[in-house]
Amino acid sequence: MLLKFLLLLLSLPSIVVLCLDVFNDDVLGLIVFKAGLLDPHSKLLSWNDSDDTPCKWVGVKCDPNSNKVTEINLDNFSLSGQISPSLLRLQNLQKISLSGNNFTGGINPGFANLWNLQSVDLSGNSLSGLIPDELFQQCGSLKSISFANNMLSGEIPVTFGKCMTLIYANFSGNRISGELPSNIWSLSGLETLDLSNNKLEGEISEEFGSMFSLKVINLGKNAFSGELPRNIGSIVDLQSVDFSENAFSGLIPESLQRLNKCMSVNLSGNSLSGEVPDFIGHMQSLERLDLSKNRFFGKLPFTLGNVRSLKMLNVSSNGFVGGLPQSLLNCDNLVSVDVSLNMLKGKMPNWVFGLGLESFSISGNKFKGSVEFPPLRTNAPSYNSLNVLDLSSNELSGVIGDEIGGFKSLKLLNLSNNLFIGLIPTNLGDLNMTQVVDLSHNKLSGSIPSQVEKCTYLTTINLSNNNLTGSIPSTIGHLTNLEVIDLSHNNLSGNLPKELTDLSHLVTFNISDNNFEGELPAGGFFDTIPVSSLNGNPSLCGSVVNQSCPAVHPKPIVLNPNSSTESPDDNYPSNSRHKKLMLSISALIAIGAASFIFVGVVIITILNVHVRKSADRSALPLAFTARGDEFSHSPTSDSQYGKLVMFSGEADFGSGAHALLNKDTELGRGGFGIVYHTVLGDGRSVAIKKLSISSLIKSQEEFEREIKNLGKVRHDNLIELEGYYWTPSLQLLINEYVPNASLFKHLHGDSSKTALSWHQRFGIIVGMAKGLAHLHQNNIIHYNLKSSNVLLDNSCEPKVGDFGLARLLPMLDRYLLSSKIQSALGYMAPEFACRTVKITEKCDVYGFGILVLEVITGKKPVEYMEDDVVVLCDMVRGALEEGKAEDCIDQRLHGNFVVEEVIPVIKLGLICASQVPSNRPDMAEVVNILELIQCPSEGREDELE
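With mature numbering (1 follows the signal peptide of the UniProt record, and there is no 0) applied, the sequence shown covers -19 to -1, 1 to 926.
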């Protein structure tokens, strides 16, 4: 009621102010706020505009005396929309918490006018824009503020340093850039400051030491540089210090030892150097110490054993030498030790198994000797707690003892790349919680124990590069969670058990360089297994290895010529009776065989006729003649006619579809099929893809489920999937028609056409990035990114197509993806060739990086000259290193481009095309970077004319 009246008042502006004063300010402010929101789960149903007071509304608290709203808490309500300024009418508001929703727009500076406001939490939304200066101009009573995990940009306002009432401030997980305002260190009452995961830079001022109340400081994942503040020890109440993943250099400050209350120190991912000082052992409250991924050297300090409270120690990826200090036995609370990727050596520190660790890794060092697991007993501390044991890439030797079966909680066991000998323990099967077992690259012998079937959670088993013999136990087919099996480079033999086809999650099965024989299992994963996974087994047969299997005939009936069933008074001599018996059996066999063959021929003939008729009927809706006759269709699911489904509205293939699947209307060909242009019965132009992977495609049910999921994906920079058509022998995808050809044709087609301007190219790059980011947000990997799969509309806006079609395949096999789908040379990420690297969204990021360079240079990813092959990525990288990046820019631009944009975009493209997946940014980060690179439009006009 009130809302309707408000809408009426808004149409009469002259009386709005007068009339609004009649209503309760709190009710009015909240109802108008609600009116601008989407509330999909009706969480705000109790907010009734006819109520006199909102004090009983969900998420609202009031002062019991005045009935004025003092608190709004709508955390995780799935609300979306903008935060209305109507909330500013709530003058008694002390706390507002809207975290974990999807609010958009900017931050209203008017919050500064709410003098009673003490706490603001807008974290976990989609807010954008700058943090307004006015917000901290007059802080009033503000004590706590959080804008964490939004999309805010710009710099931290200088006025922030004037908000002396603040106790808690969290701006983490945004796009905030620039240097910190110098007066931020004057916030002497601040107890928590979290600016992590932004783009902040510069050095940390020595004035940092004046924040005497600070307890938690987190500047991780930024671009800060210089040395760590030497006077950090002045802040004696510090409990947590996180300067990780920046560019800090130099030594650990000596004053750090004065932080007796500090429980966590994280300095990982920097360029810190020198030896770790002994005073670390004086920090008696320390529970977590992470010095990984730096340049530290020397020995690990023996004094670490003095820190009895220590729970987690990570010094991996440094240059430490010597051994692991045995003084760690004094650390009763230690649960995780990671000293991997250093230069530590000496005997295997078997004493660590007495610590009761949950995770222990010494991978990538030079430890020697045998591993002596504790005796099997259920009350051993390591057996009850150890989850991760990684001893890989050392020089450990001896046998793997039966005691390994005592680690009942173990989830990862990695003993690879060592010198272990002997048999695989049979009680490996006792590790019934283990998900990954890697014993590869050792000298193990004997057979694979059948008891492994008890490892029901196992997803990966790698026994490659050993001396194993025998066959694959059929019980391995019971491990239904298995995704990776690598048994390559052994001496295994025998037939492959048919039970392997029960492994529905299998993505890698490598048995190369063994002595297996017989026919490959049929169905599922094994129909598309790459040949490289089978090489070195010359006696294997089947279509995949292009070797037919020998026919198997039934054994002939053989009668013993010396046997006799006659009695002494039989009328025939023994040999005569035998001949008669043999003759009758032979005759019976011949007659039976002839009858069987005759019946078989009749049955096959009948079946062939039936199949032909069924095929004719199922293809009927899409059958065309040379005369271009239109076809009929049925909107039903009857298999006789096929099934046509449109995701929005109704349409048919009747009127106007006379040229469907006609070569004259062909738009292009790709790894998944041929695309045609046609017009539906309602006049809509569409692009129809005739899939060419019918032999690999899943069942109709799975096909429809995947296509319907892809049909839900909507974005301005993605080609819309409008529907599909199904018969067992023919599948069509009905896509939005984009009229302005592909990006490939614009870059490499008819040179007489006007070349794309830099402004258009930059827009294309941004649009592609946004489209891919949206796909990744919906957990969809493109797999087939290339310029021919990017179409341009009449405004030169890009639309990415052919996404997610790999989901239609029975499995995401690397060989199939690389040879059939990733048909465009140069776009494919290098991890497709490396079976140990997981295929993720970072593969798309690589392809996007190549596309960026293609758009800028106008050159194909790989070009063949008369006597040379030019790889675009290498050419651009070389030119950039020589300071000649501008020479790579498409000559058709004639110098009309913005240098401040094009060079950073080239660098971004090269970063995206990094050989190492972890070095590539996420697509969401790419979009952010491009928006930061883009110059204001006013500055572009003169340069681009």
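Glycine included, C-beta positions come from ideal geometry on N, C-alpha and C.
Treat the numbers as computed from the prediction; the structure is a model and nothing was measured.
Enclosing alpha helix (DSSP H) for Leu111 [first to last residue]:
Unbroken run through Leu111 is the beta strand (DSSP E), Ser109 to Leu111; no alpha helix (DSSP H).
Relative to the C-alpha of Leu714, which candidate in Leu420, Asp783, Val771 and His727 has its C-alpha closest?
Minimum Cα-Cα distance from Leu714 among the listed residues Leu420, Asp783, Val771 and His727 corresponds to Asp783.
Roughly how many angstroms lie between the CA atoms of Leu913 and Arg873, to the nearest whole one?
About 26 Å.
What does His658 pair with, by DSSP beta-bridge criteria?
Paired residues: Ala668.
Are Phe224 and Leu237 close, meaning C-beta to C-beta below 8 Å?
It is not a contact, given that the beta carbons lie outside the stated cut-off.
Suppose only complete runs of 3+ residues qualify. What are the beta strand (DSSP E) ranges in the stretch 125 to 186, listed by chain order?
Runs of beta strand (DSSP E) with 3 or more residues, each lying fully within the stretch 125 to 186, are found at 125 to 127, 132 to 135, 149 to 151, 156 to 160, 173 to 175 and 180 to 184, listed in chain order.
Among Leu147, Ser107, Gly337 and Gly110, which one has its Cα closest to the Cα of Ser125?
Out of Leu147, Ser107, Gly337 and Gly110, Leu147 has the C-alpha closest to the C-alpha of Ser125.
Neighbourhood of Ile688 by C-beta, 6 Å cutoff - its chain only, sequence neighbours within 5 removed:
The residues are Tyr705.
Shortest alpha-carbon distance to Phe141 belongs to which of Glu384, Val433 and Leu174?
Closest in alpha carbon position to Phe141, among Glu384, Val433 and Leu174, is Leu174.
Does Tyr827 come out as helix, strand or coil in the three-state DSSP assignment?
Here Tyr827 sits in helix by DSSP.
Does the stretch 856 to 872 come close enough to the stretch 714 to 725 that 3 or more CB-CB pairs lie under 8 Å?
In short, these stretches do not touch, since the Cβ pair count stays below three.
State buried or exposed for Gly730, treating a residue as buried only when at least 16 other CB atoms are found within 10 Å of its CB.
It counts as exposed.
Which residue's Cα is closest to the Cα of Val488: Asn496, Asn476, Val907 and Asp508?
Closest by alpha carbon: Asp508.
Ordered list of beta strand (DSSP E) runs contained in the stretch 472 to 496, each at least 3 residues
Within the stretch 472 to 496, the complete beta strand (DSSP E) runs of at least 3 residues are 474 to 476 and 489 to 491.
Which ranges does the alpha helix (DSSP H) cover as unbroken runs of at least 4 residues, wholly within the stretch 253 to 299, from first to last along the chain?
Those alpha helix (DSSP H) runs which fall completely within the stretch 253 to 299 and span 4+ residues do not exist here.
I need the straight-line Cα distance from Asp283 to Gln265, nearest angstrom please.
Here the sequence assigns Phe to residue 283, which means Asp is not the residue at that position. Their Cα atoms are separated by approximately 15 Å.
Return the CA-CA distance between Ser65 and Ser109, expressed in angstroms with no decimal places.
Computed Cα separation, rounded: 15 Å.
Glu683 versus Val667, Ile700, Pro709 and His658, residue with shortest Cα-Cα distance
It is Pro709 whose Cα lies nearest to the Cα of Glu683.
Run the CB neighbour count on Lys751, radius 10 Å, all protein chains shown included, and call it buried at 16 or more, exposed below.
A buried status is given to Lys751, since no fewer than 16 other beta-carbon atoms sit within 10 Å of its beta-carbon.
With a threshold of 8 Å, are at least 3 pairs of Cβ atoms found where one atom belongs to the stretch 319 to 332 and the other to the stretch 340 to 356?
Yes: the two stretches touch, three or more of their Cβ pairs being nearer than 8 Å.
How many angstroms separate the CA atom of Gly17 from the CA atom of Gly91?
If you take the alpha carbons of Gly17 and Gly91, they lie about 18 Å apart.
Taking the straight line between their C-alpha atoms, what separation do you get for Asp411 and Val512?
So the two alpha carbons sit approximately 34 Å from each other.
Buried or exposed: which applies to Ala668, given that a residue is buried once 16 or more other Cβ atoms fall within 10 Å of its Cβ?
Counting Cβ neighbours within 10 Å, Ala668 comes out buried, since at least 16 surround it.
Taking C-beta to C-beta, are Glu480 and Gly499 nearer than 8 Å?
Annotated as distal: Glu480 and Gly499, with beta-carbon spacing of 8 Å or more.
Would you decide whether Asn331 is buried or exposed? Buried here means 16 or more other CB atoms lie within 10 Å of its CB.
Asn331 sits exposed, since fewer than 16 C-beta atoms from the chains shown fall within 10 Å of its C-beta.
Buried versus exposed, by CB contacts within 10 Å (16 or more), His422
Counting the other CB atoms within 10 Å of its CB gives His422 a total of 16 or more, which places it among the buried residues.
Would you say Lys479 reaches chain B, if we count a Cβ-Cβ gap shorter than 8 Å as a contact?
Checking the listed chains, one finds no chain B in this structure; it contains a single protein chain.
Reference Leu473; option with closest CA among Ser493, Thr482, Val694 and Gly121
Comparing Cα-Cα distances from Leu473 to each of Ser493, Thr482, Val694 and Gly121, the minimum goes to Ser493.
Please confirm whether Leu449 and Leu477 have their CB atoms less than 8 Å apart.
If you check the CB distance, Leu449 and Leu477 do not come in under 8 Å.
Looking at the strands, I want to know which residues DSSP matches up with Met904.
The partner list for Met904 (beta bridge, DSSP) is empty, contrary to what the question assumes.
Compute the Euclidean distance between the alpha carbons of Leu468 and Cys824, then round it to the nearest angstrom.
When rounded, the distance between both Cα atoms is 26 Å.
Please report the straight-line C-alpha distance between Met145 and Phe117, rounded to a whole angstrom.
Distance between the alpha carbons of Met145 and Phe117: 10 Å.
Could I get the ranges of all uninterrupted alpha helix (DSSP H) runs contained in the stretch 858 to 907, with 4 residues as the minimum, in chain order?
For the stretch 858 to 907, whole alpha helix (DSSP H) runs of length 4 or above, ordered along the chain, are 880 to 893.
Own chain, CB closer than 6 Å to Asn447, minus 5 neighbours either side, in chain order
Around Asn447: Asn423, Leu425 and Asn471.
So within the stretch 59 to 121, which uninterrupted beta strand (DSSP E) runs reach at least 3 residues, ignoring any that extend past its ends?
Within the stretch 59 to 121, the complete beta strand (DSSP E) runs of at least 3 residues are 61 to 63, 76 to 78, 83 to 85, 100 to 102 and 109 to 111.
Gly121 and Leu98 look like a contact to me (Cβ under 8 Å); what is the Cβ gap, rounded to whole Å?
At roughly 6 Å, the Cβ-Cβ gap stays under 8 Å, so Gly121 and Leu98 are in contact.
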